[in-house]
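Just below is one structure, and these are the notes that go with it.
Residue numbers (the numbering used here): 3 to 738.
Rendered as structure tokens:
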């Protein structure tokens, strides 16, 4: 596993998060609420952050699910410009169809807002839903502070049946779907564990995405293929993102990746990929790792003179294809790319053909004519053929490779050769200056390749690009006025000149000066409570087991808390918790099991159950979650009738067997009356008996030989048990 150096920017990210949360309070036309103890559309109007009181209609209380605001069919209950605040809890979506699109806001400055409120609610797709959140045609929208996932380990369409999704599993295909969508702000989203794609979006314009995690989705993290109309335009901004382990499933119980696969066996695996697209893309502070194909695939940019991709402070590592690939105009700066493209060798369901696609180059540039690609102040290492590769285009293209550190390793396809610093067939005009290389196959003009760069860790599996004290990369090149900070947003230069590569060692030592640790303070937070379990109807008297999860949302400065658990079940039912208390550190999660048994006499219908938390802290630690228990309608009584043979010889004994069932349960002691109408359609033979413990009764008679007895007999049977009655028929023939 790799830890991202981007994590050292936490003060900046925390500030950005607080700014994002503050934006939630902006005025909107109307504000609606969703919480797990809310009511349905007839019980509550959604206009108050309050539980349904238990009786009445049209109450001022919250809705119990986001799908009430955005039902699968019919009109939305929120309008463009409204705000929908979702209180923390778990909300299952998709069993009755996926939510309709979020209504477009009136303008870029008056957006429709759908956000978590007071914490991070969990939207769980089930029923094989095509999407959990729907932005099909939605513009002028803000979506934030949400966890989006499903409730199954499965991977959609997996080539191995034990990993594939089936209709009986609680899974969803896509976390967020969007097309023909403009001026959208996504922030603070954790999209993970979907059966296919975390985000499926195209035809976008002017989107801003901040603090997103798109991890462990079975096919791809972000797939831009929506059919026709998938090209994007305008300013497309992504900041503070993690895209990881896509092409892998996610274990619901542990969060671990599993069942990783890629294109050789029918999968996909890109972390981020578009179809043919335009737009000006800015991607900053991104951690892109362990995807089963390319990490960041911008190969399908349109190459127009007015479109461009800019990457800053991108850490891309251990993706099975290229770490980054870009077509057309580009700037890549202050980034660390580590092409360990064989990471998945021998793991999960990955094949050799899935590893190091496009020769495994860490950075692949595709030119189109009249393009400019600027690659500056990056640290790039890997086992692909060339660490910086370039292809296609014309002599009107320009490639500037400036102040980069490139570290070679044995070539994955032939370990006797080292990898190239750079290479490819692009006829572009190329300019190399201020670069350093180490252990590369050949050293280009404009680079020195004779000095060990002395980095913190120079093994491929644990590569750490931070220079050690005395590294020859320090104070090596003239300052580039366009680059005044480094991979960690530290000032560049810090000494007399700039350092080569992504890091700028700060004056006074090779170690960046740590941010002073503030004295911890304790801020109590409402815990996140989840309750999940069976959703199918069961017979009365069945014991259903529900999983209870609790996450302590207190800040790190708080002491551990013991949360008391309580359960709520209908009167006369039994509800047993595996534990009534969970001791949790801040940020930690715990679980319990709630076993609910209905009486054997329970009427058919859907009943609510719930769990809640409390602690000595007080109301801040009071939270709850709900689920349902559905009692199936009692199965009716049925009867089956058969004979030992289809035809009998005259004077042969005829055996007739009836079996009486109620659903899958045999009915013992049922009275069975049989009437056999003889072939002359006048005379009858009447027989009776009672069923045994297996629901069977067999009666017999000896057939006659007269004219009235030769031919086809029609048998009718009536079974009676209490007030239940069932009938069955059969026939047989008698011959001479």
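Yeah, the Cβ is synthetic: ideal placement off N, Cα and C, and Gly gets one too.
query = Do the segment 356–371 and the segment 391–408 touch if we need at least three Cβ pairs shorter than 8 Å?
reply = When C-beta atoms of the segment 356–371 are compared with those of the segment 391–408, three or more pairs fall below 8 Å, so the two segments count as touching.
Cβ-Cβ separation, residue 738 to residue 707 (assumed contact under 8 Å), whole Å = For a cut-off of 8 Å, the C-beta gap from residue 707 to residue 738 is around 7 Å, short enough to register as a contact.
key: Three-state secondary structure assigned by DSSP to residue 492   = Three-state result, residue 492: coil.
query = Touch check for the segment 298–306 and the segment 263–275: three-plus C-beta pairs under 8 Å?
reply = Yes: at least three Cβ pairs fall under 8 Å.
query = Residue range of the alpha helix (DSSP H) that residue 728 falls in?
reply = Run containing residue 728: none in the alpha helix (DSSP H); it sits in the beta strand (DSSP E), 726–737.
message = Report the CB separation of residue 72 from residue 94 in whole angstroms; it is logged as a contact under 8 Å.
response = 15 Å between Cβ atoms; not a contact.
request  = Please state whether DSSP places residue 104 in a helix, a strand or coil.
outcome  = coil
query = If residue 325 and residue 333 are in contact, beta carbons under 8 Å, what's the gap, nearest whole angstrom?
reply = In fact, because the Cβ distance is near 16 Å, the residues do not count as touching under 8 Å.
ask   = Looking only at its own chain, which residues have a Cβ that is under 8 Å from the Cβ of residue 515, when we skip the five neighbours before and after it?
value = Residue placement at residue 515 is poorly supported in this model, since its pLDDT is 40, which falls under 50; the coordinates are not used for a value here.
Per-residue DSSP class, three states only, for residue 61 = Here residue 61 sits in strand by DSSP.
inquiry  = So, for residue 118: in the same chain, excluding its five sequence neighbours on each side, which residues have a beta-carbon less than 6 Å away from its beta-carbon?
reply    = Closer than 6 Å at Cβ, skipping near neighbours: 88, 147 and 148.
inquiry  = Across the segment 258–269 and the segment 229–243, are there enough close Cβ pairs to call them in contact, namely three or more that are closer than 8 Å?
reply    = no
key: Supposed close pair residue 182, residue 226 - CB separation, criterion 8 Å   = About 13 Å; that fails the 8 Å criterion.
For residue 723, three-class secondary structure by DSSP = strand
inquiry  = As a quick exercise: from 654, 700, 720 and 659, pick the residue whose alpha carbon is nearest that of residue 711.
reply    = Cα-wise, what sits closest to residue 711 is 654.
request  = Using three-state DSSP, classify residue 201 as helix, strand or coil.
outcome  = strand
inquiry  = Taking 6 Å as the limit between beta carbons, can you name the residues of its chain near residue 27, skipping five residues before and five after?
reply    = Per-residue confidence for residue 27 stands at a pLDDT of 39, beneath the threshold of 50, marking its modelled position as unreliable; the derived number appears in the next sentence. For residue 27, where only same-chain residues beyond five positions count, there are no Cβ hits under 6 Å.
request  = Check whether the Cβ atoms of residue 327 and residue 282 sit closer than 8 Å, and answer yes or no.
outcome  = No, they are not a contact pair.
message = Taking only three categories from DSSP, how would you classify residue 68?
response = helix
request  = Could you tell me which residues DSSP pairs with residue 703 in its beta bridges?
outcome  = 656
task = May I have the straight-line CA-CA distance separating residue 465 from residue 216, to the nearest angstrom?
result = One C-alpha to the other measures close to 23 Å.
key: Where residue 569 falls: helix, strand or coil (DSSP)   = Strand at residue 569.
ask   = Taking DSSP as the reference, what is the three-state secondary structure of residue 355?
value = helix
ask   = Candidates 41, 100 and 113: which alpha carbon is nearest residue 32's?
value = 113
ask   = Secondary structure at residue 448, three-state DSSP: helix, strand or coil?
value = coil
request  = Decide if the segment 639–656 is in contact with the segment 62–72; the criterion is three or more beta carbon pairs, one per stretch, under 8 Å apart.
outcome  = no
query = Using the beta-carbon count (16 or more within 10 Å), is residue 453 buried or exposed?
reply = exposed
inquiry  = Beta-carbon within less than 6 Å of residue 472's beta-carbon, same chain only, minus the 5 sequence neighbours each way: which residues are those?
reply    = Nothing meets the Cβ criterion.
query = How is residue 246 classed by DSSP in three states: helix, strand or coil?
reply = strand
ask   = If we ignore side chains and look at the alpha-carbon of each, how far apart do residue 547 and residue 456 end up?
value = 56 Å
ask   = Per the contact definition of three or more C-beta pairs closer than 8 Å, is the segment 563–579 in contact with the segment 666–673?
value = With a cut-off of 8 Å, the segment 563–579 and the segment 666–673 do not count as touching, because too few Cβ pairs lie within range.
task = Just confirm the distance between the C-beta atoms of residue 480 and residue 496, as a whole number of angstroms; I'd bet it's less than 8 Å.
result = In this structure residue 480 is not in contact with residue 496, their Cβ atoms being roughly 14 Å apart against a cut-off of 8 Å.
message = Between residue 234 and residue 206, how many whole angstroms is the CB-CB distance? I'm expecting something under 8 Å.
response = 5 Å
Meets three-Cβ-pair contact criterion under 8 Å: the segment 51–62 and the segment 543–558 = no
task = Please name the residue, chosen from 423, 447, 359 and 443, that lies closest to residue 434 on a Cα-to-Cα basis.
result = 447
task = Enumerate in chain order the residues of its own chain whose CB-to-CB distance from residue 693 is below 8 Å, with the five nearest sequence positions on each side excluded.
result = 660, 661, 662, 668, 669, 670, 671, 672, 674, 699 and 721
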